[in-house]
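Inspection log for the structure reproduced underneath, given as C-alpha cells.
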Amino acid sequence: MTDLYQIQRSMRQMRRAAIQRGVIAVLDVGSSKVACLVLRFDGEAPPRGADGVGPMAGQSAFRVIGAATTRARGVRFGEIAVMAKTERAIRTSVQAAQKMANVRVDHVIACFSGAGPRSYGLAGEWELRDQVVTEQDVARVLAACDMPDIGPGRDVLHAQPVNFALDHRTGLGDPRGQIGHRLACDMHLLTVEADVVSNLIHCIKRCDLEIAGLASSAYVSGLSALVEDELELGAACIDMGGGTTGLSIFMRKHMIFADSVRMGGDHATSDIAKGLQVPLAVAERIKTKHGGIVATGMDDREMIGLGGDSGDWDKDRRAVSRAELIGIMRPRIEEILEEVRARLDAAGFESLPSQQIVLTGGASQVPGLDGLAARILGQRVRLGRPLRVQGLPQATTGPAFASAVGLCLFAAHPQDEWWDFEIPAERYPARSLRRALRWLKDNW
Amino acid sequence: MRSLIRRRPAPDTARRDPAPSRWSYRMQRLWLTPIFRRTLRVGVPAFALAFAVGIVLSDEGRRAAISDTVAALRDEVKHRPEFMVMLLSVEGASPELAETVRQALALPLPVSSLDLDLPAARERVQSIDAVRSAALRVVTGGVLSVQVTEREPAVVWRSPQGLILLDETGHRIAALETRTERADLPLVAGEGADAAVPEALALVAAAGPLLHRLRGVQRMGERRWDIVLDRDQRILLPGADPVAALERLLALDAAQDILARDIAAVDLRLSERPVLRLAPHALVEMRRARGILPPEADL
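Chains as they are written, first to last, in the working numbering: chain A, 11 to 454; chain B, 45 to 343.
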C-alpha cells in the first residue's frame, strides 16, 4: 500500500511540475476513441463582472490549445486488449494534438473506463491530541480508516475523503483549525484491477510521456456533465461509452459511488451487424445516421439502403426499414439501462434526497434515449453535455467528450486524496526531538 | 455476377492505421522542443557561418588577397574624378599671406577629397599668425576653397626681438623691418606690452590732443604705462585706471598748458598729488628766480 501511496504521490508531484511548466495533456482512452487535449495553464483569468456567467468550476485557469481524436484500436471494454495498436492510437492522437498546440507535451493525465471499478466506503476515527485539528490529524484519521479486503490483484485508484465529523458535528468540508476532541472521516475508495492500470501506464510510457495522474472516466465525466446543484444535492452520472457504461453518484460535490457496466454502444453496433449481416463499419454508420429508440409509423416507410461490396447483387441491394433497425437497437439499450438500474439500486441510489440522473457519453446521443431512460431509471433524467471550457473546438463539445473535458477539470483542480497528506509521523524521531526542545525551553 | 471492373481500392489500404511511426513521433516531439528548435534554426547556421569564415581566413595568403582586394576597391572609388581635388583657392588674404597658407597646407595636388583631413588642415591654416579664422570647403569642380580672415595690424611693438606688428588683441602678426613701414600705427614698447595692447589702444585714443607729439607708449614693469612725447617728455600713468588720469592731465594741459613748458615728466601715479619734474635748465631758472641760486651762477 505504501508503494501505491508513493506512486500516487509522485504523480501528484509530476502534475504540479507540469502545471508549473504550463502545459499538460489529458488523454481519454476509451473503447471507441482516444481523445487527447493539450491544456495550457497561464494563471487565473482576470475576474469578469459580478453579474453574468463568471468562471465556473475554476476552468478559466486553463485553456485548451490542442485537441485530437482518433479511433481507438485494440481497446475493448475500456481495457487494453492489443498493446501495440493502443500505443499507436495514443501516439496518433497525442501527435495531432501536439501539432495543433505547437508545443511539446511531456506530462499526461489519463482516464479509462474499464478495469472493473469497485467502490468502498470507509470510516475512521482519531482522538485529537491538542484539541485543534492539524494537517497531521487529517492524515492520521485518513490512515485510521480500516482497509477493506479489496481482493488480490487490485489497486486503489481514488481514495477521497468525502466527509469529516468533529465530535457531533458532521458535514465538515475542511476540519483544519477547528477545535474538538474526536475527528472522524468517511472515505470513498475506488479500486480497479492492477493489471489493466499497469498496461495503460506501460502503453503511455512507451509513447515517451510521463503520467501525471490517473482517473476513472466515470468520475471525471460526472465532474463535467453535472452542474453545480446536481453535484451538491446528489445525482448520478451515466457515461454511456463505446465499450462500457460508467456510472458515478455524486453527493455534496464528492463522488460517493462508481461502477461500470461492461456494455455500451459498440454492442448495439455489433447487434446491428449481426442482425443485418453487414460489416461493423456499415453498422456503425447506419446506427449513427438512422439509429433510434422509439419507432413510429413513419419509420416503417423509411427504408435504409445497406449497400455492400460482396458482388452479390441481391445482397448489396438490400434495404431495411428504420423500424427494423430500432427493433434491433432498442433491446440492447434497454438491457444496458436495466443493468445500470440494478447497479444504482445496489448502491442505494433511491435513498438519496435528489434522484437526478444525467446521461452523457457518445451512446447517449441516440434519439429518444431520454424517454426510454425515464421509463427505466426514473422521472428525473436529462441528457448532459460537458461543461464549456475555454478554447475547446466545436467538434469536441459533444457528450462523447464528457470524460475528456472532466479530465481537464480534474487536472486543474484535483480533489484531495489520501496521498495528498503526509504519512502520519508517529514513528519519526521528530516527535522526540520536539519533546526535547520543549523540555529545554521549559527548563531554561 | 461479380463485376469485372475493380471499383474500389482494396479494403486494407482504405483502413490503414494513420498512426505515426515511433521515429516520426519522436522526431516531431524533438522538433517541438524549444531549445532544440532554437539550436537548429539559429545556432547551427551561426556556427556554420563562423566556421566557414574561420576556415577562409585561416590562410595567410587568402587574408592578404582579401585585404588587397578591399584596398584596391577603396582606391578605385577614391580616385574617381568626382572625388578629386585639383585646385586650391585662397580667398580673403593678401598675396603674401595666400602664399603662406599654401605652404602651410602643403597639399600634394591632385588629391582625393576622401583623403583630405579638413579639420586638421583648418588647424594648420589657423596656426598661421596672420590668420584670424579660416573656413575650408571642397566646392564642385574639384576646388578646395580656403576662406581666410586676416588679422588687422593695430600697433607696432618694439620688442627685445625687434619690431613686431600686433593686432588689437595683442596677437603677433608679423615682424617689421623698420618703423617707417607702418608709421601710421602707434608704437608700444616695453616688456609685456603685447599682453596689454587694448589698454594701450585706449590710451592712444584718449590722448587725442597730444597725438602730434606722441612718440609712443611704454610698458613699465609689466604693470603700468608711460606715455612718451617728443622733447623726451614722459607722462607716468598709474597702474589702475590710466585713461582717467590721462584725461585729467589733458584737462590741466588745456587750462594751464603744462606740457608746452619745459618739464621732463609728469608723474600721475599718485592721483591726489601729481608731480612735475622740471627739465635741468628750467630747474636752474626757477631756483634763480626764487633766489635760491645766485644769479648768473652756472651749474
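Beta carbons: idealized from backbone N, C-alpha and C, even for Gly.
Check whether the Cβ atoms of residue i and residue j lie closer than 9 Å to each other.
i                : j                : result
Ile119 (chain A) : Val44 (chain A)  : no
Leu200 (chain A) : Pro158 (chain A) : no
Leu233 (chain A) : Met261 (chain A) : no
Ser41 (chain A)  : Asp276 (chain A) : yes
Ala77 (chain A)  : Gly84 (chain A)  : no
Leu180 (chain B) : Arg166 (chain B) : yes
Pro396 (chain A) : Ala235 (chain A) : yes
Val113 (chain A) : Arg50 (chain A)  : yes
Ser226 (chain A) : Ser123 (chain A) : yes
His168 (chain A) : Arg25 (chain A)  : no
Val202 (chain A) : Ala125 (chain A) : yes
Pro253 (chain B) : Arg268 (chain B) : no
Val271 (chain A) : Glu89 (chain A)  : no
Val166 (chain A) : Val115 (chain A) : no
Arg179 (chain A) : Gly187 (chain A) : no
Val199 (chain B) : Ala251 (chain B) : no
Thr407 (chain A) : Asp249 (chain A) : no
Phe87 (chain A)  : Tyr229 (chain A) : no
Ile266 (chain A) : Ser129 (chain A) : yes
Asp380 (chain A) : Gln170 (chain A) : no
Please state whether DSSP places residue i in a helix, a strand or coil.
i                : result
Ser129 (chain A) : strand
Arg31 (chain A)  : helix
Trp109 (chain A) : The sequence shown places Lys at residue 109 (chain A), not Trp. The answer is helix: DSSP assigns Lys109 (chain A) an H, G or I state.
Gln141 (chain A) : coil
Arg253 (chain A) : Per the sequence shown, the amino acid found at residue 253 (chain A) is Gly instead of Arg. Gly253 (chain A): coil per DSSP, three-state reduction.
Thr407 (chain A) : coil
Ile49 (chain B)  : coil
Lys43 (chain A)  : strand
Gly252 (chain B) : helix
Thr370 (chain A) : strand
Gly183 (chain A) : coil
Cys213 (chain A) : helix
Asp61 (chain A)  : Residue confidence for Asp61 (chain A) is low, a pLDDT of 45 falling below 50, so the modelled location carries little weight; the figure read from the coordinates is stated next. Asp61 (chain A) falls in the coil class under three-state DSSP.
Gly76 (chain A)  : strand
Ala148 (chain B) : helix
Leu402 (chain A) : coil
Val231 (chain A) : Note that residue 231 (chain A) is Ser in the sequence shown, not Val. Ser231 (chain A) falls in the helix class under three-state DSSP.
Asp38 (chain A)  : strand
Val272 (chain B) : strand
Thr77 (chain B)  : coil
Cys195 (chain A) : strand
Val148 (chain A) : helix
Met130 (chain B) : coil
Gln170 (chain A) : strand
Phe95 (chain B)  : helix
Thr201 (chain A) : strand
Met66 (chain A)  : Reliability of the predicted coordinates at Met66 (chain A) is poor, the pLDDT of 48 falling under 50, and no value is obtained from them.
Trp7 (chain A)   : It is not possible to answer for residue 7 (chain A), since the shown part of chain A is limited to 11 through 454.
Ala116 (chain B) : helix
Glu427 (chain A) : coil
Ala414 (chain A) : helix
Ala137 (chain B) : coil
Asp239 (chain A) : helix
Taking Cβ-Cβ distances shorter than 9 Å, what residues in chain E pair up with residue i?
i                : result
Gln108 (chain A) : Chain labels in this structure do not include chain E; the protein chains are A and B.
Checklist entry - Is the stretch 327–340 of chain A in contact with the stretch 301–314 of chain A, if contact means three or more CB pairs nearer than 8 Å? => result yes
Checklist entry - Looking at C-beta atoms only, is the number of pairs between the stretch 341–354 of chain A and the stretch 274–282 of chain A that lie closer than 8 Å three or more? => result yes
Next on the checklist: Count Cβ pairs between the stretch 186–195 of chain B and the stretch 228–236 of chain B that sit closer than 8 Å; are there 3 or more?
Outcome noted: no
Next on the checklist: Using 8 Å as the cut-off, can you tell me whether the stretch 185–196 of chain A makes contact with the stretch 165–174 of chain A, which would need three or more C-beta pairs spanning the two stretches below that distance?
Outcome noted: yes
Checklist entry - Using a beta-carbon distance cut-off of less than 8 Å, what residues from the stretch 125–141 of chain B approach chain A? => result none
Item to check | Proximal residues, the stretch 147–170 of chain B versus chain A, C-beta separation under 8 Å | outcome: none
Item to check | Members of the stretch 112–146 of chain A that neighbour chain B once the beta carbon cut-off is set at 9 Å | outcome: Asn112, Val113, Arg114, Val115 and Asp116
Checklist entry - What residues from the stretch 205–232 of chain A come within 8 Å of chain B, judged by C-beta to C-beta, listed N to C? => result Cys217 and Asp218
Next on the checklist: With a threshold of 8 Å, are at least 3 pairs of Cβ atoms found where one atom belongs to the stretch 117–135 of chain B and the other to the stretch 143–158 of chain B?
Outcome noted: yes
Next on the checklist: Please list, in chain order, the residues of the stretch 85–99 of chain A that have any C-beta partner in chain B closer than 7 Å.
Outcome noted: Arg98 and Ala99
Next on the checklist: So within the stretch 183–255 of chain B, which uninterrupted beta strand (DSSP E) runs reach at least 3 residues, ignoring any that extend past its ends?
Outcome noted: 187–194, 197–203, 206–211, 216–220 and 231–233
Checklist entry - Touching or not, the stretch 204–220 of chain A and the stretch 391–409 of chain A, by the rule of three or more beta carbon pairs under 8 Å? => result no
Item to check | Uninterrupted alpha helix (DSSP H) stretches inside the stretch 294–340 of chain B (no shorter than 4 residues) | outcome: 324–334
Next on the checklist: Can you pull out the residues from the stretch 163–180 of chain A whose beta carbon lies closer than 7 Å to at least one beta carbon of chain B?
Outcome noted: none
Checklist entry - Counting Cβ pairs, one atom from each stretch, are 3 or more of them under 8 Å apart for the stretch 104–113 of chain A and the stretch 130–146 of chain A? => result no
Item to check | Residues from the stretch 273–287 of chain A in contact with chain B, defined by Cβ distance under 8 Å | outcome: none
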